[in-house]
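**Student:** The structure is given below, and queries will be raised subsequently.
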Amino acid sequence: MADVLIKSVETGHSFGPYDVTISPERSASYNEAVGGDESPDYGNSLAPMMTIAAALTELIEDLGLFSEGLQTVHAGQEASWIRSINAGEQITATGTLASSSMRRGSKFATVKVEYTDVDGSKVGDSSTTIIVSGVDA
Amino acid sequence: MPDTQFVAGAELPGFERFVPQDRVDAYAEASGDHNPIHLDEEYASTTPFGTRIAHGMLSLAFVTELLAKSFPDDWHSGGKIKVRFSAPVIPGEKVSIYGSISGVTETDEGTVVTCNVGCKKPDGTDAVSGKATVPLRQI
């Protein structure tokens, strides 16, 4: 547990860059899981939350949130988009720990993530707030 | 925007979505989020929830589907959403996705629609709730 990042990470810590390029096949699997025929037809575009979900998976891994003794709750989520993202389009996510505090034995952390395309142009951003218990064990 | 007028108080075309464990499993596979609290009943029984719960991002995906259906030309380009996850969705539940327009604002960049959106559990409590803004494309 000593090496679990969520226990020691401080505000301003950088995450990534992560390659969150979503293949057409993975996009189709995501759309099928969320709603299948009941979902809108996004055409070649990704469902807006898919890229954020991919970045979250990377953050969860880096922060060690599945480590024994920890329990994590996803408390809040923000997202904004400048333009739609196509399946297969190369997208890079970079994150920063925007805030971190201990309250009643749990760690409250907010990670802001920016998404850029192959030209380095921003296509969107997100902010994820989690509550992690067990960090003081 | 189909079937909805751009006026405060207008309801977005909500829908229901069944959330069986199969859907949670499939979402875990597609998203890569294999947190055992979503997948492993034995592990989940030791958590404060006492059982497996669906991913919050899955419930949020339902909510953003509502926005994509309501604003098919605009949600993907310039849309913003801010939500809190206030209760877990338990696999086997059918949730209700809802939304309404809370305001329509004219800005220098054009018209911006603000909506209250969310996802309710069968008992009527919010699993997800928040606000979304959608800038309408200038024609």
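Going down the list, the protein sequences come from chains A and B.
All the letters of the first sequence, read from the start, carry residue numbers 626 to 762 under the working numbering.
All the letters of the second sequence, read from the start, carry residue numbers 65 to 203 under the working numbering.
Beta carbons are placed, not taken as given, at the ideal position from N, Cα and C, and that holds for glycine.
Treat the numbers as computed from the prediction; the structure is a model and nothing was measured.
Could you check whether the Cβ of residue 77/B sits closer than 7 Å to any heavy atom belonging to the ligand HEM?
**Tutor:** Among the ligands in the structure shown, none appear at all, so the ligand HEM cannot be discussed.
**Student:** Under the assumption that residue 123/B contacts residue 153/B (Cβ atoms under 8 Å), give the Cβ distance between them as a whole number of angstroms.
**Tutor:** Position 59 of the second sequence, counting from 1, holds the residue named residue 123/B. Position 89 of the second sequence, counting from 1, holds the residue named residue 153/B. About 5 Å separates the two Cβ atoms, so the contact holds.
**Student:** Should residue 728/A be labelled buried (16 or more other beta-carbon atoms within 10 Å of its own) or exposed?
**Tutor:** Numbered from 1 along the first sequence, position 103 holds the residue referred to as residue 728/A. By the neighbour-count rule (16 or more Cβ atoms within 10 Å), residue 728/A is not buried but exposed.
**Student:** Is residue 642/A close to chain B, meaning its C-beta is less than 8 Å from at least one C-beta of that chain?
**Tutor:** Here residue 642/A corresponds to residue number 17 of the first sequence, with the count starting at 1. False, the Cβ-Cβ gap to chain B never drops below 8 Å.
**Student:** Measure the beta-carbon distance from residue 672/A to residue 655/A and round it to whole angstroms, keeping in mind my assumption that it falls under 8 Å.
**Tutor:** Reading the first sequence from its first residue, position 47 is the one you call residue 672/A. Reading the first sequence from its first residue, position 30 is the one you call residue 655/A. Right, the Cβ-Cβ distance comes to about 6 Å (below 8 Å), so this counts as a contact.
**Student:** May I ask which residues mark the beginning and end of the alpha helix (DSSP H) holding residue 57/B?
**Tutor:** Outside the displayed span of chain B (65 to 203) sits residue 57/B, for which this structure offers no information.
**Student:** Quick check on residue 158/B: buried or exposed, where buried means 16 or more other Cβ atoms within 10 Å of its Cβ?
**Tutor:** Counting from 1 along the second sequence, the entry for residue 158/B is found at position 94. Burial call: exposed.
**Student:** Hey, out of 83/B, 119/B, 135/B, whose CA is closest to residue 69/B's CA?
**Tutor:** Locating residue 69/B in the second sequence gives position 5, counting from the first residue. Among 83/B, 119/B, 135/B, the Cα nearest to that of residue 69/B is on 135/B.
**Student:** Taking just the CA atoms, how far does residue 752/A sit from residue 182/B?
**Tutor:** Residue mapping note: residue 182/B aligns to position 118 of the second sequence, counting from 1. Residue mapping note: residue 752/A aligns to position 127 of the first sequence, counting from 1. Their Cα atoms are separated by approximately 18 Å.
**Student:** Can you pull out the residues from the stretch 132 to 164 of chain B whose beta carbon lies closer than 8 Å to at least one beta carbon of chain A?
**Tutor:** Residues 132, 133, 136, 139, 140, 141, 142, 143, 144, 145, 146, 147, 148, 149.
**Student:** For residue 145/B, which residues from the same chain have a beta carbon less than 6 Å from its beta carbon, with the 5 sequence-adjacent residues on both sides left out?
**Tutor:** Translated into the one-based positions of the second sequence, residue 145/B becomes position 81. The answer, listed in chain order, is 196.
**Student:** Does the CB of residue 166/B have a neighbour CB from chain A at under 8 Å?
**Tutor:** Translated into the one-based positions of the second sequence, residue 166/B becomes position 102. Not an interface residue.
**Student:** Are the Cβ atoms of residue 119/B and residue 95/B separated by less than 8 Å?
**Tutor:** Taking the second sequence and counting its residues from 1, one reaches residue 119/B at position 55. Taking the second sequence and counting its residues from 1, one reaches residue 95/B at position 31. It is a contact, given that the beta carbons lie within the stated cut-off.
**Student:** Here's the rule I'm using: 16 or more other beta-carbon atoms within 10 Å means buried, otherwise exposed. How should residue 81/B be labelled?
**Tutor:** By 1-based counting over the second sequence, the position of residue 81/B is 17. Answer is buried; the Cβ neighbour count reaches 16.
**Student:** Check distances from the C-beta atoms of the stretch 170 to 185 of chain B to those of chain A and list, in chain order, the residues that come in under 7 Å.
**Tutor:** Taking 7 Å as the Cβ-Cβ cut-off against chain A, none of the residues of the stretch 170 to 185 of chain B qualify.
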